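Chemist: Order-wise, the sequence lines are chains A and B. Okay, so the first sequence: first residue is 2 according to the working numbering, each after it adds one. Okay, so the second sequence: first residue is 24 according to the working numbering, each after it adds one. Cβ atoms here follow ideal geometry from the backbone N, Cα and C, with glycine treated the same way. Every value quoted in this text rests on a predicted model; they were computed, and no experiment measured them. Quick one: the structure is below, questions incoming.
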Amino acid sequence: MEERLASGWLGAGQQLGGFPMQTIILNPLWCLCRRLAVATALVWTVLGLPAVAADFELFEARIRPLLVDRCYSCHNAEGTADGGLAVDSREGLLTGGDSGPAIVPGDPAGSLLLSVLRHEVDGIKMPKDSGKLDDATLADLSAWIAAGAPDPRDAPPSKEELAKATSWETIMGRRSRWWSFQPLAEASPPTLANNTWSEHSIDRFILAGLREQGLEPAADAAPQTLVRRLFFVLTGLPPTASDFAAWTDRVSQPGGFEELVDHLLASPHFGEQWARHWMDWIRYADTHGSEGDPEIVGTSHYRDYLIRALNADVPFDQLLREHVAGDLLPIPRFNAAGTVNESAIGPAHFRMVFHGYSPTDALDEKVRFVDDQINAFSKAFLGLTVSCARCHNHKFDPISQADYYALFGVLGSCRPGRLEIATPRLQARNRAELGALKSAIRQQMARHWLEALPALAARMEATDAPWRTAEKTASLLHPLYAAEKARAAAEGKEGASEALLVEQQLAKWSAAGRARSESGEAPALVRWNFGTGQSGGDDAKQWFTSGSGLTAPADGRAEQLNRAGDFSVAADGPKAVARVWPSSVKTHGISTKHGGRFTSPTVRLDKEYSLRVLAAGNDGATLRPVIQNYTRLGRIYPLDKLTPEWKWYAYDLTYWVGDEIHVELATARDMPLPLSNGDRSWFSVREAVLVEKQQPSPSAATDEQYAAIFAAAQTPQPQSLAALRACYMRAIEGAVRAWLEGTTSDAQALLLDACLAEELLENRIDQLASVRPLLEDYRRLEAEIVSSERVPAMEESVGRDQPLLVRGDHKNPSAAVPRGFLSVIDATPYPPGDSGRLQLANDLLRPDNPLTRRVIANRIWHHLFGRGLASTPDNLGHLGPLPSHPALLDDLARYLESQRWSLKTLIRHVVTSRTWRLDSKAGAQAAVIDPENRLLSHASVRRLEAESIRDSLLAASGSFDPQLFGGMQPGESPRRSIYVRVARNAIDPLLRAFDFPEPASSVGCRDVTNVPAQALYLLNDKRITQLARMWAAKVLATESLVTDESRLQSMFVAAIGRQASPEELSRTLTLLANAQQEAADSAARLAAIRTEEQQALAAALVEQTGEQALADPRLAGWTEVGRAIVLLKEFIYLR
Amino acid sequence: MPHTKISAAGQGANTLGGRWSRRRVLETCSTGFGGMALSALLGRSARASLGNSAPLPAGAALRHTHHPAKAKSVIFCFMSGGVSQVDSFDPKPRLARDDGKPMPMKVERTQFNDNGNIMASPFPFKQWGQSGIPVSTMFPHIAGVVDELAIVRSMTTTVNEHAQGNYVIHTGFPFLGFPSAGAWASYGLGSENADMPGYVVLQSGKAETPHGGVGLYSNAFLPGQHQASIIKADAPEAIANIRPRGTLEAQRRRLDFVAGFDRDFLAEADRDPAIEAAIHNAETAFRMQSEVPELCDISGETEATKERYGLNITSHRIADYGRQCLLARRLVERGVRFVELSCLRSENGYGSANNPWDQHKAVQVGHTQMAAQVDQPIAALIADLRERGLLDSTLVVWAGEFGRTPFCQGSDGRDHNPQGFTVWLAGGGAKGGTIHGATDEFGYHAIENVCTIYDLWATVLHLLGIDHEELTYRHGGRDYRLTDVHGQPIRQIIA
């Protein structure tokens, strides 16, 4: 197939504007037939091949490229002649190899080469390691042999020639001549003589194609057919009876059809219909699949984003940029209210990957899910099967294995993340005011505390002093309690003086301090300290932050918030200050409604390490080592829910030696796969370290709260318990003063925090008259903060080039491939820095990349006509058939761009063509000449898509809930099918029966199958009876419908968009009468049976006929009519 | 427009299904339980027939088998959760000798990472039959038909977790989106019975779909009629919506009414073949309403048969599984290509309903109960098929998604072991009484004649008369096959 282009396409490509191409390649089957029939010259001449000696044309056009591409590398005269066969010269083929001559000129049947390529010879299947050649190519070969195998190759190529001929550059150069890689043709629509049919540019392309084959367009479709067709194609919903009444006549009036088009393009249901198409392209799913099939929380935001964007006619280029790098756009797009950053939602589709459950080989999983991303993305927007190049250069298209890993580097550099989609303005709401209030609160609180210190000192000496009951060892006052106990126990004993007890306590504190500093020096792979005290907070800058609680607001206060002594204000309850913090990275300096994700750089575990993290948090905040970006959990993928007290969390990472990990802390809704949905959540982290596994555990995190007291006890050293208590008081006073002055140390912050916890410092609002107004202001402003919605996201870290994996084996990495785009478009590597997603988005849209434009134009056409101009919308590469009307396709692609990428404008352009409005009846000629209707002489009959069938059932029966947007719905919901949950392990059975695609890969063209499950559903499902009964009740209750005839007609119109003929009406009346009679008979029989107390019989009758039918035979009759109407093929087919 | 030319266009169902006018193709199609086989025809592998291969029914992708088939049907006894090889068909005396000692070799990553020391099998082995093949006390009944079994002790798989393992053994790929082996068999060979599906999954009692969901039974990109029909062997509604609501007469009247409209619509729609097929399809559905209950009605089976399959045993799990086995025979008798059976959860083992063999704890208790559930029914199925002359044309495949570790998990469980485990085949051209391949002396790694899941399916397809490399389907720019780019038939176990 390949070389139909190699020399052929260039010539033809130049003629795209002139359009003869479109009819020649009309149909690959025809091409084949013709080629077989005429052997050589005729077709190629028409194709416009460059002049080659006629005898060798077929060889040059088809055979040489085949031999070079698929055979030369193993069968050449230059050193590699497997089986003794060299096919790089005429002589080589004729002489053959160990098994005899490869070809016998004039005798295809006797030519071994052909038999081998046809896989007719056991044990030899050529070409090696790839599928059999397609039949067209084999037919070429056969035709060539039959024609005497004319072959101009007198001698084999030289070594250099061979190397050049078989090099990837040569192959790629040849393959890049394939039609879809050519620039968009600048073709004007053909000018046709005697064209009284239509001047619409689309129609001129189509009519030219028809005339070429001696065909004429069919008649125009009837108005009612058009109304129904237009409603379904543009909105996915049937016209209601009133739509039908309003539009059927109007569409026949001048301008009436266009008016309906505009009406439907403006319908909110337009966005739903086209969002669902888009969701097919990117394999939309609500769950990850595999064991557990967990929800990908937030997918419905993406779905609603698509609906909104398509309804708002956001330009396609913008939407595409958003899909690849919406979170990185310098000027993001906000919704009209200015509350939602729409652009940031776009990349969510990258997260709709299939995830295995707790895989033991995490790298394998990563390589697979990045492959999933590449696969869906490249098919959806480039119409190329880039994933085929994972293990080797693409077998058919100009995509090298390196190209695959260049893209892999871009997507693989991104971490699965989550993103707040509130606009920055909303995220910053009241921040500055709250920050200022905090300063004021601090001043007031500190002054109050200082004034209250004498009272505290007195309390410490009182008989009910708080330390007398401080039994818990973690308590700040516990040492006083323990010493007092020891003193009392030792009363009267020798050598148990208070001085000794105090000394012992000081020794303990001293040892704890030593242990702290020693564990800070244990051998480690990497050590991050987020305290400003020791390394100035620089370590935090190595990590990656996202979320409103961590990203710096405009006034640069974030770092200040990380300083020791920062505090959080209680958002409710009797307390004023919630906590005082040592220097740390935290999310809730202002509010616990702010979220955050804090992730470390990626680290490769070269040996056995233990991860230790000093952190606190609550309400679903989590900490975990992330192995190879895997988002799910499992025994070997541990996670901790953080608790409010400071604690060292530890993870033995022995299992993951050799793997890459990073550390992640996240508030409840900010894990890539969140476990809880609380609006208020926070975390705070001081240190993270990967220590060698054997190192001892660090001391308890609570030890440090005594450090300030220990410091206060150095000079003079206390000799009595009273003196020790005085040290406590000195330390507390020092801490409060430092806090007031903004010079708090970590130890002082911890001391203050403990004082608050143990109520040593007054912290109840009712005790704090001077602070109270400030606190109330704070709470009021804090309450106004809205916790943002989150979406699944791709998070930037550092762009890293991906090593090429030899044969796709993740255990066999080779040299790193610079991140970049397909080299057939541009081989320039992406600059260092981030992943390169923004460049990738731009490369998709660059003017010299014709693929993206053709792909979207073809997809739109596909959904409007039921088949694309290129019939494989996901693959415009070599394995996709040639387009039926290439010049038209290019014209549409250009049109889209010229109309500011407005999809609505393109759609309007297409459906207002006369071609789109043709009747479905083919002319006699067309059935013979163009049975596939590729020339579009008439409309092709289509079955409705699964969603439209379900939605039609709801709509016809009047139980349809037209509400837009929102969370996932069960299949039983009266909402449109686009809102029904797409669970990978449990696709809704009704939708699946009607070919709803498995969300595994891009699906541009759905299957349409006939399976009995479809008929069984429509025949017997309980839901159908229910809907039919609702429908019947509604019809019977409609006062404007006074006769049975009018009632029936209303049902026909609702279901099939037309009135029944008199004859049909009479048949339906008979059905109605019979059904009513049967129900009445059954009701009478039931009454009789019940009188005779034959319970079992009665129960059987009720079971069979249904309770409602027995209670209301009239309703039963009408229900039966509804059940029958939805079984009509006309109900699920569109003409 | 002969089919070969269609396939010359290089198109699969995705590009053609329902969109191209297909009238002549359709005229040759059968409609059936399996529905329209149109797309199958379009994707037909074009390899010419070989001399003595058998012609296949309309609707099959292949017109002839590639070589004479031994088996016509496959019954896949899937042991979801993973059976311990060292406790069933692969005796390892070394485990008893080193019981309680640490593994003397590198221990591969396990899913639970709670690896203990070597654990001897609590199940004694004994040699059985003419072949003298050792089988443990777990399977006393299957041991009785051991001479029918071709045992592969060197199976391996690529993943270590249930859902992905299930995908691998069903589809060859460790994730959603690829056709199941049953779908491939149905696609390649069609259905011998136009009113029956090519691929049936049986469930009974509280059996559930294994981890991974119904995607395991998917047609994926193959035409829709090849997806499995799940038949609930003992439910009043064995197939969803198979029970008519209201009387059959009323339904007939409704269908006749509809037929009148549809005839007119068809004429107006230019006799569109897809509409024609949909009309036909409704009639098939109507017939199925009586055929499926008839299939599931085992009242005509003799008491001896029921007894043999364990249907009278008070343990309802054995009876439930036995019912699946009996229905499997009835399905094979009706020409169904591929039947898969579903295990039920054990009474108090540690596996869940989705992976009942998964004894991470108390492997002895759990495996005892699970083995009891399937042992008598499967042995009965093999013997019954043999007596009815069906075993030669019916291939029984017994396998889990992986095996279990020879060392313990915790104190008395076993974790997943993909490095080496046992599967077996019986009937259908498999060489009974053979053992192929071997694991190391701990039963940990396959070391001799190492086999892959691809080899297993290449063997099954071979016995069905199919060259696994030649049954392909073009999708997404590639020719896919059940065995991806791997696999070869295990010749040593082919009779």
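Check A:N394 in the structure and name its three-state DSSP category.
Modeler: A:N394 falls in the coil class under three-state DSSP.
Chemist: Go ahead and pull the three-state DSSP assignment for A:D1113.
Modeler: Three-state DSSP puts A:D1113 in coil, outside helix and strand.
Chemist: Taking CB distances under 8 Å as the criterion, tell me whether A:F409 reaches chain B.
Modeler: Not an interface residue.
Chemist: Counting only C-beta atoms, is A:A1076 closer than 8 Å to chain B at any point?
Modeler: Cβ-Cβ to chain B under 8 Å: yes for A:A1076.
Chemist: Taking C-beta pairs closer than 8 Å, name the residues in chain B that A:S1002 reaches, listed in chain order.
Modeler: Those within 8 Å of A:S1002 in chain B are G200, G499.
Chemist: Taking only three categories from DSSP, how would you classify A:M446?
Modeler: In the structure shown, A:M446 sits in a helix (DSSP, three-state: H, G or I).
Chemist: Tell me which residues share the same chain as A:P184 and place their Cβ nearer than 8 Å to its Cβ, disregarding the 5 neighbours each side in the sequence.
Modeler: So the list reads D849, P851, once near-sequence residues are dropped.
Chemist: Looking at the unbroken beta strand (DSSP E) that takes in B:E363, where does it start and where does it end?
Modeler: That run of the beta strand (DSSP E) goes 361-365.
Chemist: In angstroms, rounded to a whole number, what distance separates the CA positions of A:I146 and A:D136?
Modeler: Taking the straight line from one Cα to the other gives about 15 Å.
Chemist: Look at A:I637 and B:Q134 and say whether their C-beta atoms are less than 8 Å apart.
Modeler: Taking 8 Å as the Cβ cut-off, A:I637 and B:Q134 qualify as a contacting pair.
Chemist: So that I know if they touch, is there some Cβ in chain A lying closer than 8 Å to that of B:V182?
Modeler: Yes, its Cβ sits closer than 8 Å to a Cβ of chain A.
Chemist: Does B:G436 come out as helix, strand or coil in the three-state DSSP assignment?
Modeler: Residue state, collapsed to three classes: strand.
Chemist: State the Cα-Cα distance for the pair A:L502 and A:D540, rounded to the nearest angstrom.
Modeler: Looking at the two C-alpha atoms, the distance is approximately 41 Å.
Chemist: Compare the beta carbon distance of B:L418 and B:V97 with 8 Å and say whether it is the shorter of the two.
Modeler: Result yes, Cβ atoms of B:L418 and B:V97 sit closer than 8 Å.
Chemist: Does the beta carbon of A:H120 come closer than 8 Å to any beta carbon on chain B?
Modeler: For A:H120, the answer is yes, since a Cβ of chain B falls inside 8 Å of its Cβ.
Chemist: Grab the span of the beta strand (DSSP E) containing B:Y503 for me, first residue to last.
Modeler: Residues 501-503.
Chemist: Could you confirm whether any beta carbon from chain A is found closer than 8 Å to the beta carbon of B:R67?
Modeler: A caution first: B:R67 carries a pLDDT of 34, below 50, which makes its placement in the model unreliable, though a value can still be read off. It does not: the Cβ of B:R67 has no partner Cβ on chain A nearer than 8 Å.
Chemist: Anything in chain A within Cβ reach of B:Q21, meaning under 7 Å, just list it in chain order.
Modeler: Because chain B here runs from 24 to 518, residue 21 of chain B falls outside it and cannot be looked at.
Chemist: At a CB-CB cut-off below 9 Å, which residues of chain B make contact with A:Y1134?
Modeler: Within chain B, the residues near A:Y1134 are F288, A292, D295, A297, I298, A301.
Chemist: Can you name the residues of chain A whose CB is closer than 8 Å to the CB of B:M311?
Modeler: Going along chain A in sequence order, the residues near B:M311 (Cβ under 8 Å) are P1013, L1017.
Chemist: Output the distance between the C-alpha atoms of A:D767 and A:S677, rounded to the nearest integer angstrom.
Modeler: Distance between the alpha carbons of A:D767 and A:S677 is about 34 Å.
Chemist: So which of A:Q444, A:S788, A:D660, A:D250 has the shortest CA-CA distance to A:G679?
Modeler: Taking only the C-alpha atoms, the option nearest A:G679 is A:S788.
Chemist: Using CA coordinates, which residue listed in A:I283, A:L870, A:L752 is at the minimum distance from A:I203?
Modeler: For the residues A:I283, A:L870, A:L752, the minimum Cα distance to A:I203 belongs to A:L870.
Chemist: Please state whether the Cβ-Cβ distance between B:S177 and B:G423 is less than 8 Å.
Modeler: No, the Cβ-Cβ distance between B:S177 and B:G423 is not below 8 Å.
Chemist: Answer with yes or no whether the minimum CB distance from A:E1065 to chain B is below 8 Å.
Modeler: At least one chain B Cβ lies under 8 Å of A:E1065.
Chemist: I'd like the ranges of any beta strand (DSSP E) spanning at least 3 consecutive residues and lying wholly in the region 455-509 of chain A.
Modeler: DSSP runs (the beta strand (DSSP E)) wholly in the region 455-509 of chain A: none.
Chemist: Just the Cα atoms here: how many angstroms apart are B:H439 and A:P360?
Modeler: Straight-line Cα distance between these residues: approximately 12 Å.
Chemist: Counting only beta-carbon separations shorter than 8 Å, does A:R64 have a partner in chain B?
Modeler: Before going further, note that residue 64 of chain A is Ile rather than Arg in the sequence given. Chain B contact via Cβ: absent.
Chemist: Which residue's Cα is closest to the Cα of A:E187: A:A1081, A:E898, A:Q1109?
Modeler: When only C-alpha atoms are compared, the closest one is A:E898.
Chemist: Beta-carbon separation of A:P455 and A:V692 under 8 Å?
Modeler: No, they are not a contact pair.
Chemist: Look up B:M311 in the DSSP assignment and say whether it is helix, strand or coil.
Modeler: Here B:M311 sits in helix by DSSP.
Chemist: Where does A:P975 sit, in a helix, a strand or coil, going by DSSP?
Modeler: Three-state result, A:P975: coil.
Chemist: Distance check for B:G333 and B:L364, CA to CA, integer angstroms please.
Modeler: C-alpha separation (whole angstroms): 16 Å.
Chemist: Among the candidates A:H356, A:P240, A:A1055, A:A727, whose CA atom is the shortest distance from the CA of A:G290?
Modeler: Closest by alpha carbon: A:H356.
Chemist: Using only alpha-carbon positions, find the residue among A:D567, A:G548, A:S168 that is nearest to A:P793.
Modeler: Of A:D567, A:G548, A:S168, the residue nearest in Cα terms is A:G548.
Chemist: Is A:E777 helix, strand or coil when you go by DSSP?
Modeler: Of the three classes helix, strand and coil, the one that applies to A:E777 here is helix, per DSSP.
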